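Asker: In my numbering, the protein residues as written are 295 to 666.
1) Pair every Cβ in the segment 338–353 with every Cβ in the segment 364–374, then say whether three or more of these pairs are closer than 8 Å.
2) According to DSSP, residue 455 sits in a beta bridge with which residue or residues?
3) Measuring straight from C-alpha to C-alpha, what distance separates residue 476 and residue 356?
4) Please state if the CB of residue 312 and the CB of residue 607 are separated by a distance shorter than 9 Å.
5) Let me check one thing: in DSSP terms, what residues is residue 516 bridge-paired to?
6) What does a CB cutoff of less than 8 Å around residue 314 pick up in its chain, not counting 5 residues either side in sequence?
7) Go through its chain and collect everything with a Cβ distance to residue 351's Cβ below 7 Å, but skip five positions before and after it.
8) Closest by CA to residue 426, which one among 461, 386, 324, 529?
9) From residue 532 to residue 447, what does the alpha carbon distance come to, in whole angstroms?
10) If you drop the 5 nearest sequence neighbours on each side, which residues of the same chain put their C-beta closer than 8 Å to that of residue 577?
11) In chain order, which beta strand (DSSP E) runs of at least 3 residues are fully inside the segment 365–429?
12) My guess is that residue 621 and residue 646 are in contact by the Cβ rule of under 8 Å, so how many angstroms apart are they, rounded?
13) Going along the chain, which residues of its own chain have a beta-carbon closer than 8 Å to the beta-carbon of residue 371, five neighbours each way excluded?
14) Of the choices 494, 453, 411, whose alpha-carbon is the least far from that of residue 667?
15) Would you call the segment 564–573 in contact with the segment 518–526, where contact means no fewer than 3 C-beta pairs closer than 8 Å?
16) Verify whether the separation of the beta carbon atoms of residue 665 and residue 618 is less than 9 Å.
17) Are the Cβ atoms of residue 541 and residue 528 separated by less than 9 Å?
18) In terms of alpha-carbon separation, which member of 653, 627, 535, 322 lies closest to residue 644?
19) Rounded to the nearest angstrom, how far is the Cβ of residue 444 from that of residue 421, given a contact under 8 Å?
20) Would you list the residues sitting across from residue 549 in a DSSP beta bridge?
21) Return helix, strand or coil for residue 527, following the three-state DSSP convention.
22) Write down the C-beta distance between residue 530 and residue 568 rounded to the nearest angstrom, noting that I regard them as a contact closer than 8 Å.
23) Could you pull out every residue in the same chain whose Cβ sits closer than 7 Å to the Cβ of residue 326, ignoring the five residues on either side in sequence?
24) Spatial neighbours of residue 657 within its chain, please: C-beta separation below 7 Å, excluding the five flanking residues on both sides.
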């Protein structure tokens, strides 16, 4: 369930030739490199969201303690060239160190990267949307402190949009001025009537075509909303599965959604008048599906509790099916997956504080796909 710890999103990989082989395991910064607020108490990278830009992969580092995940250092982005083990960082914390705390989602758009910073638990300290210029060593270009704990971040039209971890609202930011662009939009996501158990929140937002798509999860189900990114008007909506966690666009123009509550992958087809949804497949041996990415005719999913990553062929005979799977190790808690090409992927492991590459080329120290 996405809102229990700092969370994030990746962008879909671009087409092209196979990339150079990645380093099998990449250790992330630790100790003094994380600039802990209290040097006497350790902080951990706790990598979450991943995005690609040019030849690099950018990883949001929660920089928090264990096991509470309370921020104990400034939010950071790790800058990774997958074929090397060198990992410099971009400090998102500003002059106080607390401008951005617990960054989760990161997305590339245009010439920049956009990061949503969840902030400190129980307050909005460090809650922010940050624009990062990846040129050179990378730097924060603009930052907006906000009054909610955000989930997701998406650039669509002339707006940056983010969701709320504790309501069904999405918020617009003017891309030109990097200030609030008006009141939030309440999506109207249904929830239960029991005040002790009812909840709803936005686990993800993403641009697709000329529209903005927003997921809403609640105690009684979930919905996907198609929104006009300029006005915030809801154009259409469709029900998805329980505890939907992420969405991605496929090469054929559909939208794929993973549902953690029933371990399903759904495919949603946009039409001129609405949205239609169907369950593409169920992943019965997975628990806590956290992420989904698309590349060409493949989908890649991550299941954090079972420590597994799945490769799904949308064009398989008889319909979509898992064609390969990999286990990234006990206790890894994989969070995001980023496809470098149709075979090689990078996975962020929240609890082992590293990145792992999965390929079909097996060898010593490598995590390899098991063909299904």
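All residues carry an ideal CB built from backbone N, CA and C; glycine is no exception. Since we're looking at a predicted model, the values are computed, not measured.
Answerer: By the coordinates alone:
1) yes
2) 448, 466
3) 29 Å
4) no
5) 511, 534
6) 376, 377
7) 344, 374, 376, 632, 640
8) 386
9) 21 Å
10) 557, 558, 559, 583, 595, 597, 604, 616
11) 370–374, 383–385, 397–403, 406–411, 422–427
12) 13 Å between Cβ atoms; not a contact.
13) 352, 353, 354, 355, 383, 384, 386, 397, 400, 407, 409, 426, 432
14) The requested residue 667 is not part of the displayed model; the chain covers only 295 to 666.
15) yes
16) yes
17) no
18) 627
19) 6 Å
20) 543, 562
21) coil
22) 4 Å
23) none
24) none
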